[in-house]
Every structure is written in C-alpha cells, then in structure tokens.
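Novice: Dumping the structure here so I can ask a few things about it.
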Amino acid sequence: MITIFDWFGYETPYKERYQLIKKAGFDGVLLYWSDEFGNVDYKHNVELARHEGLFVENIHTSFDNINDFWMDNLNGNEITNYLLQCVDDCNKYEIPTMIVHITSGENPPKANMLGIKRIRQITERAEQQGVNVALENLRNIENLGNVFDHINSSRLGFCFDSGHQNYRYKNTDLLSMYGEKLMALHLHDNDESSDQHHMPFDGNINWDVVMKKLTNIDYKGPTALEIMNMGYEHIKEPSEFLEIAFDRVKRLENLR
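Right under this line is the structure:
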C-alpha cells in the first residue's frame, strides 16, 4: 500500500485533492488533525477521502505549543486532553494510528516524569480504544528513547521520519534501534541543510539502505510520503506533482 500526506503544498479544495491523489495511483492518505491552519472541517476529510476510495492510514496530531506537554501548566493539561481526544477520534472514525510530536524547535525540553505520566495516560486510553500511538523522531532523539524506556506497550510505537534523521542525526540507525516498534513512515528527502520535505531521490539520503532496513525488520505497513512542493515551483499543477511523486515511491518499493 502506498500513501501520502494530504497537505503537499497546493491550494486545492480537499475533495479535488483526494480525487487527484487517487487518480495518481495512491491507495491512502495521512491527515492533519487540527483546525489551526484554517481547516475547520478537518474531521470531514475522513469522509471525503474514503468517498474517493482512499484508506486513511493515520492522523498527524497538532504540535502547537507541544513543548508545554512537559511542563506543569495549563497548556500542558490542554495538550494532554487534546491528545486523549485524538485517541477517541481515531476510535470513532476507525483510523488505526495517530502520529505525535513530543517536542518541537531547536531547544526542546528534556523528558521528565510529568510528561512520561501524560504519555502513559494517553497510551492507556489507546489500549482501551484499540488505537496505535506513534512517536515521531525529531531533533531530540534522547526523549524518544526515554519514553520507550519507561513505557512498554504494544500500542505505543515509532514513526520513522527519514528527513528528520538525515538532517539531524544522519549516522544514527533509528530503524535498527526502534524497528520492532515501527508503526508508520514519513518518507522525504533533503540535502542535510534543512528539513526540506523533498521527493525521494532529490536529496542525499541513501534510499537503498533505508528500504533494505525496512525489509530486514519485516515492516509490512504502507510506504508513506510526507513531501511538500517547496522547491518544485516549476511544477504548476498538483496532478503533475502527484504523478512524479507516485513514480518516486514506486522506485522506493522496487529497492526492497
């Protein structure tokens, strides 16, 4: 199965967006689960995507003010309640997985027991609801390890972001470290200068190595792109962008 993040950069109405994604050959989509960018009807996107025959692989939860998750303040409590609601939403809309950033920015806070307690609470709700919670690798990978050291659950796992790894810690083998916990992929490329979200093969990631590792750990989930059209301004039509993207992800799958 091949999926793509539904916000890939073009100002296209969501119904048309899903039609184009399906026409390009994709099997499913990843959705952003928040109205913070003006999409007040974001929950309706589940129905729109499924109407076009697309599988909704996961939701990406908001990371607005996410560093407060580790702090004893009102924002931290609100974020926790939001993530608990995301678990309930996944259950309600029959979406198997939610993706969570546990920090953001250049100087993220270190993991502490308050945040661990909150993640444990979210994980317990996920266990009750039959939902997967996948933590994404970001700038501070020590926090990721700290959480996994404290909480062992089949419902708490890992979302591998290839671009974040290449930009931040190219020589750290996250797929070998957390492959047994892998629940989702965010595949995109960059040249290590920034988090560019380019198409695979347009940066310097060794995709042969990445895809072979996915084979070695026996990953059977969707091959998911999280790409943007920044740097592709010469491609005017979203349909053309999606066609190229689908060709790239097929090249990835041929490496396995």
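Throughout the sequence shown, residue numbering follows the numbering used here, covering 88 to 343 in sequence. We put the CB at the ideal spot given by N, CA and C, even for glycine.
Do glutamate 330 and threonine 310 have their CB atoms nearer than 8 Å?
Specialist: With contacts defined by Cβ atoms closer than 8 Å, glutamate 330 and threonine 310 do not form a contacting pair.
Novice: Near leucine 201, which residues of its chain fall below 8 Å by C-beta distance, leaving aside the five closest residues on each side in sequence?
Specialist: The beta carbon of leucine 201 lies closer than 8 Å to those of Trp157, Met158, Asp159 and Gly163 in the same chain, with the five residues before and after it left out.
Novice: Three-state secondary structure (DSSP) at methionine 270?
Specialist: strand
Novice: Between Leu269, Asn293, Glu229 and Leu243, which lies nearest to valine 218 when the distance is taken from Cα to Cα?
Specialist: Leu243
Novice: Using DSSP with H/G/I as helix, E/B as strand and the rest coil, what is leucine 118?
Specialist: strand
Novice: Where does the unbroken beta strand (DSSP E) through alanine 311 begin, and where does it stop?
Specialist: 310-312
Novice: Considering just the uninterrupted stretch of the beta strand (DSSP E) at asparagine 175, what are its terminal residues?
Specialist: Note that residue 175 is aspartate in the sequence shown, not asparagine. From DSSP, aspartate 175 is part of no beta strand (DSSP E) but of the alpha helix (DSSP H) over 161-180.
Novice: Going by DSSP, which residues form a beta bridge with alanine 221?
Specialist: Ile186 and Gly244
Novice: Pull up the CB-CB distance for phenylalanine 245 and leucine 225, whole angstroms please, since I reckon it's below 8 Å.
Specialist: No, phenylalanine 245 and leucine 225 are not in contact; Cβ-Cβ is about 12 Å, not under 8 Å.
Novice: DSSP on aspartate 276, reduced to helix/strand/coil?
Specialist: strand
Novice: Could you give the DSSP three-state label for valine 127: helix, strand or coil?
Specialist: coil
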